[in-house]
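Below is one structure; the comments refer to it alone.
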Amino acid sequence: MNHILGQKGTGEAGAVNESLADTFAAAVDQKNWKIGEDIRPGGIRTMDTKETKSFELPDAGAVTVPINMADYVDTHYDKGGVHINVGIPNKAASLIGDKIGRDNMAALYLDAVRKFMPQSGNGGIADLAKATMLASKERFGDSSKESQAVVDAWTSVGVLGGAAQTERQPRERQRLTNIDLPFVTFGAV
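Going left to right, the sequence shown walks through residues 121 to 309 as our numbering numbers them.
As structure tokens, this is what we get:
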């Protein structure tokens with residue numbers, strides 16, 4: 121995915137890159153939300169549930185793969201938490217796929233990547249949320265159930281709605297609060 125988007129392979133942009141690869145893989149292999157189950161027993165990760173395994177990071181302590189921005193892990197290890205923080209956009213993608221179907225999810229994400237992701241290569245989780253919301257508006261309509269499912273998914277994982285910043289989250293972390301998209305207005309809670 122990083123070659124298509126020019127996406128950086130580190131930090132939040134790297135987590136988005138990993139998630140996009142997982143999302144398209146899950147659209148092809150629709151039997152479950154596990155990634156890499158044919159490579160390793162139990163798979164590499166599961167997109168729709170909170171992972172129970174934890175990682176010990178020297179700069180962050182024991183952490184599990186988060187599924188909400190409030191639990192984002194700010195670390196210098198794992199290329200800035202690429203394989204740890206992937207849980208947040210993965211959970212959103214699984215919620216979207218469960219509501220609108222995986223074929224629609226794949227088409228939506230393809231539109232989001234092609235038309236709405238930043239071309240800088242630094243697209244973070246909030247950028248992916250915004251891109252999928254804009255793509256759903258364009259593809260399905262402003263007040264469609266599909267567009268609402270996208271908003272609901274990103275709200276569920278704490279990207280929308282102004283969830284409180286945690287100590288681990290850098291100040292520059294983007295949140296979609298107090299912005300107006302053509303089909304819905306988000307404000308801080």
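Where is the CB? At the ideal position from N, CA and C, for every residue including glycine.
Which residues share a DSSP beta bridge with residue i?
i: Leu177; result: Gly181
i: Arg222; result: Beta-bridge pairing links Arg222 to no other residue.
i: Thr195; result: In DSSP, Thr195 forms no bridge with anything.
i: Ile155; result: Arg165
By the 10 Å Cβ neighbour count, where 16 or more other Cβ atoms means buried, how is residue i classified, buried or exposed?
i: Asp214; result: Contrary to the premise, residue 214 reads as Ser rather than Asp in this sequence. Looking at its Cβ environment, which holds 16 or more other Cβ atoms inside 10 Å, Ser214 is buried.
i: Ala182; result: exposed
i: Val233; result: buried
i: Thr305; result: Legend: pLDDT at Thr305 = 36, less than 50; position of this residue unreliable, value from coordinates given subsequently. With fewer than 16 Cβ atoms within 10 Å of its Cβ, Thr305 is classed as exposed.
i: Ala145; result: exposed
i: Glu138; result: buried
i: Gly162; result: exposed
i: Ala249; result: buried
i: Asn178; result: Here residue 178 turns out to be Pro, not Asn, going by the sequence shown. Flag for Pro178 reads exposed.
i: Ile208; result: buried
i: Asn210; result: buried
i: Ala133; result: buried
i: Ile220; result: buried
i: Ser267; result: buried
i: Leu140; result: buried
i: Ile204; result: buried
i: Asp142; result: buried
i: Asp223; result: exposed
Counting along the chain, where does the alpha helix (DSSP H) carrying residue i start and finish?
i: His203; result: 198–205
i: Asn137; result: 131–148
Compare the beta carbon distance of residue i and residue j with 8 Å and say whether it is the shorter of the two.
i: Ser273; j: Ile187; result: Inspection of the sequence shows that residue 273 is occupied by Ala rather than by Ser. Cβ atoms of Ala273 and Ile187: not closer than 8 Å.
i: Ala135; j: Gly278; result: no
i: Gly131; j: Gly200; result: yes
i: Glu171; j: Val185; result: yes
i: Ala180; j: Val193; result: yes
i: Thr166; j: Lys154; result: yes
i: Leu230; j: Ser256; result: no
i: Ala202; j: Gly129; result: Going by the sequence as given, residue 202 is Val instead of Ala. Yes, they are a contact pair.
query = Unbroken alpha helix (DSSP H) runs of length 4 or more, entirely within the segment 239–288: which are they?
reply = 245–260, 265–276
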